[in-house]
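> Let me give you the structure first, and then I'll get to my questions.
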Amino acid sequence: MLESLDPFQQLILGVSSVGLLMIVLVIFLTANPNFENTDRLKKILDFIEKKK
2 MLESLDPFQQ LILGVSSVGL LMIVLVIFLT ANPNFENTDR LKKILDFIEK KK
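Here it is in structure tokens:
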């Protein structure tokens, strides 16, 4: 099936499928009750705010 598509269409299909997989993974992980946001950027911003 994939061989019938031209290389650009294969690239688009691959990138979009990986993107969908990432979105599903994020939704699944954030729905987990044990999920804790350990965002590094947020920690850095909070640290800068405390310094002021």
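The opening residue of the sequence shown carries number 2 in this note's numbering; numbering runs sequentially from there. We treat Cβ as the ideally placed atom computed from N, Cα and C, and that holds for glycine. All values reported here derive from a predicted model rather than from experimental measurement.
Rounded to whole angstroms, what is the Cα-Cα separation between ASP40 and PHE9?
Near 35 Å, if we compare the C-alpha coordinates of PHE9 and ASP40.
> What residue range does the alpha helix (DSSP H) around THR31 cover?
That run of the alpha helix (DSSP H) goes 8-32.
> Excluding the 5 residues preceding and the 5 following LYS43 in the sequence, name in chain order all residues of the same chain whose CB lies nearer than 6 Å to its CB.
If we look at LYS43 and ignore the five residues flanking it on each side, it has no Cβ neighbours.
> Quick check: the Cα distance between LEU1 and ASN38, rounded to an integer number of angstroms?
Shown here, the chain extends from 2 to 53; a query on residue 1 therefore has no answer.
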